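In the order they appear, the protein sequences are chains A and B.
If you want the numbering used here, it's the 1-based position in the first sequence plus 7.
If you want the numbering used here, it's the 1-based position in the second sequence plus 7.
What follows is a single structure, written as structure tokens, with notes after it.
Protein chains: 2
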Amino acid sequence: MASMSDVARRAGVSIATVSRVLNNNGKVRESTRILILKAIKELKYQPSRVAKRLRSKSVSGNLLGVLIPDIKNPFYVEVLEGIEEVAYRNNYALIMCNFGQDDQKERLYLEILQSEGIDGLIAAPAHENDLQLKKMVKEGLPVVCVDRGLKDTDVDVVLVDNVRGAFQAVEHLILAGYRRIAYISGLSTIPSSLLRERGYREALAKYGVPCDPVLVRRGDSKHQSGIQLCGELLDLPDPPDALFAGNNLITLGALEEIHRRGLKIPKDIAIVGFDDMYWSSSLNPPLTAVRQPAGEIGRRAGELLIQRINDPKRTSVQMMLNAELIRRKST
Amino acid sequence: MASMSDVARRAGVSIATVSRVLNNNGKVRESTRILILKAIKELKYQPSRVAKRLRSKSVSGNLLGVLIPDIKNPFYVEVLEGIEEVAYRNNYALIMCNFGQDDQKERLYLEILQSEGIDGLIAAPAHENDLQLKKMVKEGLPVVCVDRGLKDTDVDVVLVDNVRGAFQAVEHLILAGYRRIAYISGLSTIPSSLLRERGYREALAKYGVPCDPVLVRRGDSKHQSGIQLCGELLDLPDPPDALFAGNNLITLGALEEIHRRGLKIPKDIAIVGFDDMYWSSSLNPPLTAVRQPAGEIGRRAGELLIQRINDPKRTSVQMMLNAELIRRKST
DNA sequence: CAATGCAATGTAAACGTTTTCATTTAGAAA
DNA sequence: TTTCTAAATGAAAACGTTTACATTGCATTG
Numbered sequence: 008m009a010s011m012s013d014v015a016r017r018a019g020v021s022i023a024t025v026s027r028v029l030n031n032n033g034k035v036r037e038s039t040r041i042l043i044l045k046a047i048k049e050l051k052y053q054p055s056r057v058a059k060r061l062r063s064k065s066v067s068g069n070l071l072g073v074l075i076p077d078i079k080n081p082f083y084v085e086v087l088e089g090i091e092e093v094a095y096r097n098n099y100a101l102i103m104c105n106f107g108q109d110d111q112k113e114r115l116y117l118e119i120l121q122s123e124g125i126d127g128l129i130a131a132p133a134h135e136n137d138l139q140l141k142k143m144v145k146e147g148l149p150v151v152c153v154d155r156g157l158k159d160t161d162v163d164v165v166l167v168d169n170v171r172g173a174f175q176a177v178e179h180l181i182l183a184g185y186r187r188i189a190y191i192s193g194l195s196t197i198p199s200s201l202l203r204e205r206g207y208r209e210a211l212a213k214y215g216v217p218c219d220p221v222l223v224r225r226g227d228s229k230h231q232s233g234i235q236l237c238g239e240l241l242d243l244p245d246p247p248d249a250l251f252a253g254n255n256l257i258t259l260g261a262l263e264e265i266h267r268r269g270l271k272i273p274k275d276i277a278i279v280g281f282d283d284m285y286w287s288s289s290l291n292p293p294l295t296a297v298r299q300p301a302g303e304i305g306r307r308a309g310e311l312l313i314q315r316i317n318d319p320k321r322t323s324v325q326m327m328l329n330a331e332l333i334r335r336k337s338t
Numbered sequence: 008m009a010s011m012s013d014v015a016r017r018a019g020v021s022i023a024t025v026s027r028v029l030n031n032n033g034k035v036r037e038s039t040r041i042l043i044l045k046a047i048k049e050l051k052y053q054p055s056r057v058a059k060r061l062r063s064k065s066v067s068g069n070l071l072g073v074l075i076p077d078i079k080n081p082f083y084v085e086v087l088e089g090i091e092e093v094a095y096r097n098n099y100a101l102i103m104c105n106f107g108q109d110d111q112k113e114r115l116y117l118e119i120l121q122s123e124g125i126d127g128l129i130a131a132p133a134h135e136n137d138l139q140l141k142k143m144v145k146e147g148l149p150v151v152c153v154d155r156g157l158k159d160t161d162v163d164v165v166l167v168d169n170v171r172g173a174f175q176a177v178e179h180l181i182l183a184g185y186r187r188i189a190y191i192s193g194l195s196t197i198p199s200s201l202l203r204e205r206g207y208r209e210a211l212a213k214y215g216v217p218c219d220p221v222l223v224r225r226g227d228s229k230h231q232s233g234i235q236l237c238g239e240l241l242d243l244p245d246p247p248d249a250l251f252a253g254n255n256l257i258t259l260g261a262l263e264e265i266h267r268r269g270l271k272i273p274k275d276i277a278i279v280g281f282d283d284m285y286w287s288s289s290l291n292p293p294l295t296a297v298r299q300p301a302g303e304i305g306r307r308a309g310e311l312l313i314q315r316i317n318d319p320k321r322t323s324v325q326m327m328l329n330a331e332l333i334r335r336k337s338t
């Protein structure tokens, strides 16, 4: 691949001048600019992002990190898509790190990202108290959190009002006449699990529906946990008549288990999920769900990150988007 | 961040020696190795992948590119997941490029990847005749193609037997008694679309079922095209009694349209999709589908790529995995 | 015409590694 | 002790940029 000095030689100038026309800074005579542009075209020269990144902390290396807990989860895929959209528009490349809710993997990925000299990071940290990530924020790496915040740390975060979303879901169930409403929670180290549980409890409380502790189950946020915990609930002597599932993987798992047992939804048991998918209406039955604007979360996060890269001392913002209940046929 | 010279200074040696212990090459006395290791630990030193990549074409920079057409498509997400798994295991980071079946975006992404100095690339090219990608292969970049090959080019590729998969699907429909079988194809610039159509035709031919040209529709592989083209088919004076959908997005779209019209599956119309998802059994009705081992495709591709990086002149392989028909309730 | 100042360009260092080649060191053999 | 050899280490260049600083050229001014 041609390098800057090749261009310089061919245009009969020094690399400094070439650099100047590439970055549009410094004065350069129009005639030599043309010469250089011509050489660039002829040699199909492309600047090396690697060299650029190595050399200059001051200028952006156009590389972002994305750290997500589970790419199997359609929610994060949609977030990722949103991020990618704005990253690409701003000429940033993306290093994708899928840590699968594995602490060690997360640590290693963070090290890699640091070592890659990324300009900024969008992360859904393993938990609120992620020391390593906090440290990176402290050290000045531009970071924005999605879906999950970072305790006691001044960092941009964009997420959804989990309490309110869950509240709406459960309120909807109550108003529809259900009384034994179960909650299958994701990992309780994840803030959103707790917040959703809070919404669940608040709704029950508001309508004076007793909260039977046996009806809230906690798993690891994965598909299998939905199957397992839904099964446990259905095996109860006094099983629930409705189910609030803590995320989409859990919902899908629960759905699978309910179908396996030949139960009818919503006659035998109703279900409302947290997280909507574009194909939720094709499920059996069409799923009532709390919709997070995942794509928008990703886009907003991307925009905030790029803003912060360009203005590192901008005051941090917490952007809370609205979750919306989509009523379909499962309740 | 501490650099190698910091370590060297603290250990009282030169950077060359530090480099030697880091890469385990060259002789270094045990006592100084220990000294250096100690300094590394104390300074929390981490080598810069950027510098490493810049300096040395000979040693791997531990960076891979992934170029996929559509991250909305669960198939590619699963492939991506497989790739990520083996990449991580081998200490490679991943630059994810989602080109959305947009030629210009693909071109730009390829340029970025080149400029990032990736060690290798896994790609599902926009079409068989992707000149830019071909050129990169020719120039020696290790590449493995997934899902789609590259014409007249000596490159590793891992994919599924599309003809056979489609054949099985359509044969299954025929044996179940359906006769007016429609095919909704994806983009016809994509080899797999054509191959699946071939399987479709071969099955019809084998059983002497006439092939009504009005029953094959071609779209852009996206969700919306499934809705649209399924609608057109259903509006036909003599509509199909069964549908073979060219990929999962199309399937989901078709499903949506069928439900919107209040038609019953499979009574009014049967449907079999190409691509299975782990939640296909939760669809309404549980979907009969041709399952591609997407995760395995990704893992294999990752392994092949790393092999090739380590042995660039290894002869190229074409790995064809089996697609399997999963019978559920939609047929 | 000399002095001045600014526009245009060049030189060289720096970023953090790897790697070649040269040099020092240590231990063995004589 | 001297000499030799292999082992251990170091010096410096190179990768492809950006950038601070130096230099050149040229027009303007007095």
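We treat Cβ as the ideally placed atom computed from N, Cα and C, and that holds for glycine.
Since this is a predicted model, take the numbers as computed values, not measurements.
Whether residue i touches residue j by CB criterion (8 angstroms)
i, j, result
"V151/B", "I119/B", "no"
"I181/B", "A261/B", "no"
"S67/A", "D126/A", "yes"
"E91/B", "L101/B", "yes"
"R224/B", "L240/B", "yes"
"V221/B", "L256/B", "no"
"A183/B", "L250/B", "no"
"A277/B", "D245/B", "no"
"A304/B", "V86/B", "What sits at residue 304/B in the sequence shown is Ile, not Ala. Yes; because the gap between Cβ atoms is below 8 angstroms, this pair is in contact."
"N291/A", "N80/A", "no"
"A176/A", "V279/A", "yes"
"A46/B", "A18/B", "yes"
"S337/A", "P293/A", "yes"
"G124/B", "V73/A", "no"
"K59/B", "A9/B", "no"
"E263/B", "S288/A", "yes"
"Y116/A", "C104/A", "yes"
"S65/A", "S55/B", "no"
Backbone CA spacing between residue i and residue j [nearest angstrom]
i, j, result
"G172/A", "R208/A", "12 angstroms"
"G21/A", "G302/B", "The sequence shown places Ser at residue 21/A, not Gly. Roughly 50 angstroms separates the two Cα atoms."
"Q422/A", "E49/B", "For chain A, the structure presents residues 8 to 338; residue 422/A sits outside this window and is missing."
"L166/A", "I41/A", "48 angstroms"
"K274/B", "I234/B", "19 angstroms"
"N30/B", "S26/A", "34 angstroms"
"F174/B", "A210/A", "52 angstroms"
"E146/A", "Q325/A", "20 angstroms"
"V153/A", "A131/A", "5 angstroms"
"L138/A", "D168/A", "25 angstroms"
"L71/B", "K158/B", "23 angstroms"
"R187/B", "S195/B", "22 angstroms"
"G215/B", "E178/B", "11 angstroms"
"A330/A", "V93/A", "22 angstroms"
Span of the alpha helix (DSSP H) around residue i
i, result
"F251/B", "Careful: F251/B lies outside any alpha helix (DSSP H), inside the beta strand (DSSP E) at 249 to 252."
"N169/B", "169 to 182"
"S200/A", "198 to 213"
"E331/A", "Careful: E331/A lies outside any alpha helix (DSSP H), inside the beta strand (DSSP E) at 331 to 333."
First and last residue of the uninterrupted beta strand (DSSP E) at residue i
i, result
"Y75/A", "For the record, residue 75/A in the displayed sequence is Ile; it is not Tyr. I75/A -> beta strand (DSSP E) spans 70 to 75."
"S122/B", "Segment 110 to 122 is the alpha helix (DSSP H) holding S122/B; no beta strand (DSSP E) there."
"I102/A", "100 to 105"
"L270/A", "Careful: L270/A lies outside any beta strand (DSSP E) and carries neither H nor E."
Beta-ladder partner(s) of residue i, from DSSP
i, result
"T295/B", "V279/B"
"C152/B", "A130/B, V164/B"
"L290/B", "L290/A"
"Q325/B", "V164/B"
"A189/A", "L250/A"
"R224/A", "I191/A"
Any non-hydrogen atom of the ligand PLP within 7 angstroms of residue i CB
i, result
"S195/A", "Among the components of this structure there are no ligands whatsoever, and the ligand PLP is therefore not found."
Could you list the residues in the region 218 to 247 of chain A with a C-beta less than 8 angstroms from some C-beta on chain B, going in chain order?
Listed by position, the residues of the region 218 to 247 of chain A near chain B (Cβ gap below 8 angstroms) are H230.
Listed in chain order, which residues of the region 38 to 61 of chain A have Cβ atoms closer than 7 angstroms to some Cβ of chain B?
Going along the region 38 to 61 of chain A in chain order, one finds Q53, P54, S55, R56, V57, A58, R60, L61 with a Cβ nearer than 7 angstroms to chain B.
Contact set between the region 147 to 179 of chain B and chain A, restricted to residues whose Cβ is under 7 angstroms from the partner:
none
Against chain B, which members of the region 66 to 89 of chain A pass a CB distance test of less than 7 angstroms?
I78, K79, V84, L87, E88
Between the region 298 to 315 of chain A and chain B, which residues of the former have a C-beta closer than 9 angstroms to a C-beta of the latter?
none
Scan the region 266 to 288 of chain A for residues whose Cβ lies nearer than 7 angstroms to a Cβ of chain B and list them as they occur along the chain.
H266, Y285, W286, S288
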